[in-house]
Ligand code: HEC
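In the working numbering, the protein residues as written are 25 to 142.
Quick look at the structure:
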């Protein structure tokens, strides 16, 4: 290989490498885990039912009333989410308790299981 060819190789490869890693990193961002869901009896089910299309941030960023959560669940079902009827009430309890409108106001502090790492 000529010296020129080698230089060209050296000049082209690092930017390509950098570029692909940037693309890969940004492509992975949407599926990043997001904030952890607070622990609770239905947490694993919520996680299973609600994080296949978007990460938990979609949920943890909300402050909704029970009625609004109910509407959200309906909307998600319309989009393809599967929420067993028997779990629906528990989902609503969990979501309203952890991501309700005035978090902590109605709940005794002991019930608020503070999530470990944020
Ligand atoms: C089949 C895919 C899918 C599943 C499963 C799913 N979602 Fe969504 N979710 C979406 C999409 C798509 C959006 C964006 C909708 C929009 O922007 O209008 C979204 C947005 C949201 C939002 C943001 C509010 C909004 O209206 O944009 C919340 C809150 C939410 N989802 C909660 C949930 C919960 C809770 C579950 C589990 C019961 C769930 N999602 C399961 C597809 C899904």
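C-beta: ideal position from N, C-alpha, C; glycine also.
Proximity winner among the options, relative to residue i (alpha-carbon distances)
i: residue 58; options: 89, 70, 75 and 66; result: 75
i: residue 93; options: 109, 78, 73 and 118; result: 118
i: residue 73; options: 36, 120, 35 and 107; result: 107
Residue i versus residue j - alpha carbon distance
i: residue 125; j: residue 88; result: 5 Å
i: residue 135; j: residue 102; result: Because the pLDDT of residue 135 is 48, which lies under 50, any placement of that residue in the model is unreliable, and the number read from its coordinates should be weighed accordingly. Roughly 32 Å separates the two Cα atoms.
i: residue 97; j: residue 36; result: 50 Å
i: residue 86; j: residue 116; result: 13 Å
i: residue 84; j: residue 34; result: 46 Å
i: residue 82; j: residue 100; result: 12 Å
Buried versus exposed call for residue i [16 or more other C-beta atoms within 10 Å across all chains shown]
i: residue 91; result: exposed
Expected contact under 8 Å - CB spacing of residue i and residue j to nearest Å
i: residue 71; j: residue 111; result: With 8 Å as the limit, residue 71 and residue 111 do not qualify as a contact, their Cβ atoms being about 12 Å apart.
Residue i vs residue j beta-carbon contact at 8 Å
i: residue 62; j: residue 122; result: yes
i: residue 60; j: residue 80; result: yes
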